[in-house]
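Below is one structure, written out as structure tokens, with a few remarks after it.
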Amino acid sequence: MTSERSEKLLRVLQQRQSNLTVVMENVQDPHNISAVMRTCDAVGIQDIYILNTKIPRHKKFGTKSSSSALKWLTIHQFDNAIACFEALRKNYATILTTHLSTDAVSLYEIDFTKSVALVFGNEHEGVSDEVRNLADGNFIIPQMGIIQSLNISVACAVSIYEAYRQKNNAGHYQQISLSKERMDGLMNEWGFNNEES
């Protein structure tokens, strides 16, 4: 590995955000999942949760739409919602689902300087009742059109770039978020260690 490559990977790791994640529930199209992965990598999200309770576990994702983001991310797959939320609760203080309801808050009211997990649902049915009941609340992306929904990959991109904006303004990308142990583990996964970097 060249020194330039090592420096780039180390810089990326130092900007990964441990207190922000995305959960995709029963998302059917692997290209949608891959597009979300690509955006997560772009804003410094390391961990992604995939929950499949109604569809089989994905064996592969759309590599074109992910642009190889998959190899740089940590994917947690679950087939049980309660187990998934138990894992999420260990790392994220607030879990919000995308759902058009009377109590939903606007995306722009969420404080992304705190620990947040965002849940995006199935392309046709949205987030399930079970998952909404396990979450802390709902959020919506304000829209002015007749069709009050966005493709999941677009909705995710809009949402986590708002998170990026807030976190960047708060200086989160200028400080290391991952623990040293986690960074060392990812360094090994990515093909280099502390001595090389």
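415 is the number of the first residue of the sequence shown in this note's numbering; add one for each residue after it.
In this text, a Cβ means the ideal position worked out from N, Cα and C, and glycines have one as well.
Here the structure is a predicted model, which is why all the values come from computation and not from measurement.
No Cβ-Cβ contact shorter than 8 Å links Cys570 with Val457. Inter-residue distance for Arg430 and Ile590 is about 7 Å (C-alpha atoms, whole angstroms). Ala483: not part of any beta strand (DSSP E); DSSP gives it neither H nor E. Under the DSSP definition of a beta bridge, Gln491 partners with Ile464. In the DSSP annotation of this structure, the continuous segment of the alpha helix (DSSP H) that includes Gly599 starts and ends at 594-603. Counting C-beta pairs with one atom in each stretch, the segment 541-551 and the segment 569-586 have fewer than three that are closer than 8 Å, which means they do not touch.
With a cutoff of 8 Å on beta-carbon distance, Cys454 and Leu487 are scored as near each other.
Given a length threshold of 3 residues, each whole run of the beta strand (DSSP E) inside the segment 538-597 is given here in chain order: 551-554.
When the alpha-carbon of Asn494 is set against those of Gly540, Asn440, Met451, the nearest one is in Asn440. Counting the other Cβ atoms within 10 Å of the Cβ of Ala507 gives fewer than 16, which makes it exposed. Here the alpha carbon of Asn536 sits roughly 30 Å from the alpha carbon of Leu592. When DSSP states are grouped into helix, strand and coil, Ser417 belongs to the helix group.
When DSSP states are grouped into helix, strand and coil, Asn446 belongs to the helix group. Between Gln562 and Leu514 a beta carbon distance of about 6 Å is seen, short of the 8 Å cut, so the two are scored as contacting. It is roughly 12 Å from the alpha-carbon of Phe499 to the alpha-carbon of Thr511. In this structure, Ile489 lies away from Ile459, with their beta-carbon atoms at least 8 Å apart. Residue range 434-439 is occupied by the beta strand (DSSP E) that includes Glu439.
Boundaries of the beta strand (DSSP E) around Ala531: 530-534. Counting only residues of its own chain and dropping the five nearest sequence neighbours on each side, Ala549 has a CB closer than 7 Å to the CB of Ile509, Leu510, Thr511, Val533.
Our two residues, Ser573 and Ile555, have alpha carbons roughly 8 Å apart in a direct line.
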